[in-house]
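Asker:
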Amino acid sequence: MDREPPNRIGSKPSGLGDFTATRFLSNPLMGGVESDWSPMHEAAVNGRLLSLRSLISQGWGVNILTADCVSPLHEACLGGHPSCASILLKHGAQVDGVATDWHTPLFNACVSGSQECVNLLLQYGASPHPACDLASPIHEAAKRGHVGCIESIAAHGGNIDYHISHLGTPLYLACENKQIACVKKLLEAGVNVNRGRDLESPLHAAARASSEELATLLLDFGADMQAKNAEGKRPFELVSPDDPLFQLFMKREGASFLLESKH
Numbered sequence: 001m002d003r004e005p006p007n008r009i010g011s012k013p014s015g016l017g018d019f020t021a022t023r024f025l026s027n028p029l030m031g032g033v034e035s036d037w038s039p040m041h042e043a044a045v046n047g048r049l050l051s052l053r054s055l056i057s058q059g060w061g062v063n064i065l066t067a068d069c070v071s072p073l074h075e076a077c078l079g080g081h082p083s084c085a086s087i088l089l090k091h092g093a094q095v096d097g098v099a100t101d102w103h104t105p106l107f108n109a110c111v112s113g114s115q116e117c118v119n120l121l122l123q124y125g126a127s128p129h130p131a132c133d134l135a136s137p138i139h140e141a142a143k144r145g146h147v148g149c150i151e152s153i154a155a156h157g158g159n160i161d162y163h164i165s166h167l168g169t170p171l172y173l174a175c176e177n178k179q180i181a182c183v184k185k186l187l188e189a190g191v192n193v194n195r196g197r198d199l200e201s202p203l204h205a206a207a208r209a210s211s212e213e214l215a216t217l218l219l220d221f222g223a224d225m226q227a228k229n230a231e232g233k234r235p236f237e238l239v240s241p242d243d244p245l246f247q248l249f250m251k252r253e254g255a256s257f258l259l260e261s262k263h
């Protein structure tokens, strides 16, 4: 089922008739060059399939771009509208188009969480790998808790353990944002339970989040309680002794060992 588009900064008017502040190309057939926000973008982001079909039949190009290189396919995926994405792709939309912020349609589909859009894009040959580390689809899905998107990207060869310097791994990002279902899915898929962001492990992230559920899950998959981060701290040293999470660490590692490790 198509979805309501997510809120976005700088979004354009919601009605096709309200374009007083926007200029367009005078010739709608010139779909390969830059334009501002167009009726095609408006229909795509709002899931207006009939309007989109009508515009295409009138000669509007499916690859018409905004000044930021955003295509109607970008917008259909951001809105989570697979039916609109499908008709655009069938009419030749560029599946791996890259906007100036490095967002691809696949990245936008992971923002909206539409597994249908993700599957459609991958079926049309979209790369499961990021065009740039500033916009990684699988990291975005992990951060937002979109398990289905992760499953689809992994099934098409995406690197579920991909490390990005400023973000870490998808597992670390999922832990940082307390996305339990994504953490479980990634661990079951075989990611490195101890690989996070630089020296900060996923267990460090769970400790900072004071999440017993996350910590238990990570420990069940073999997380290293003695791993030190850049500050030389182990996960249990990031929680206070009266925190229930500290009690969990004591139970798993042994009270005497933890106390000795602090010295």
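Residue 83 in the UniProt record's numbering sits at position 83 of the sequence shown; the count goes up by one each step and never skips.
Don't be surprised by glycine CBs; every beta carbon is placed ideally from N, CA and C.
#1: For L167, which residues of its own chain have a beta-carbon under 6 angstroms away from its beta-carbon, when the five flanking residues on both sides are left out?
#2: Taking one C-beta from the stretch 69 to 78 and one from the stretch 41 to 61 each time, how about it: are there three or more such pairs within less than 8 angstroms?
#3: To the nearest angstrom, how far is the alpha carbon of K178 from that of L187?
#4: Taking the C-alpha atoms as reference points, what is the distance between A89 and P128?
#5: Where A135 and A99 are concerned, what is the direct C-alpha to C-alpha distance, given to the nearest angstrom?
#6: Using 8 angstroms for Cβ pairs, my map puts M225 next to P241. What's the rounded Cβ distance?
#7: Under 8 angstroms by Cβ, that's how I've got H146 and G113 pegged, so tell me the actual separation to the nearest angstrom.
#8: To the nearest angstrom, report how far apart C182 and L171 are at their CA atoms.
#9: Under a three-way DSSP split, which group does L203 fall into?
#10: Going by Cα to Cα distance, which pick from N119, T216, V70 and P39 is closest to E246?
Answerer: Short version:
#1: H139 and L173
#2: yes
#3: One alpha carbon belongs to K178, the other to L187, and they sit about 14 angstroms apart.
#4: The question names Ala, but residue 89 in the sequence shown is Leu. If you draw a straight line from the Cα of L89 to the Cα of P128, it comes to about 17 angstroms.
#5: Between the C-alpha atoms of A135 and A99 there is a straight-line separation of about 10 angstroms.
#6: About 15 angstroms; that fails the 8 angstroms criterion.
#7: 4 angstroms
#8: 8 angstroms
#9: helix
#10: Note on identity: in this sequence residue 246 is Phe, with Glu being the wrong assignment. Ranking N119, T216, V70 and P39 by Cα distance to F246 puts T216 first.
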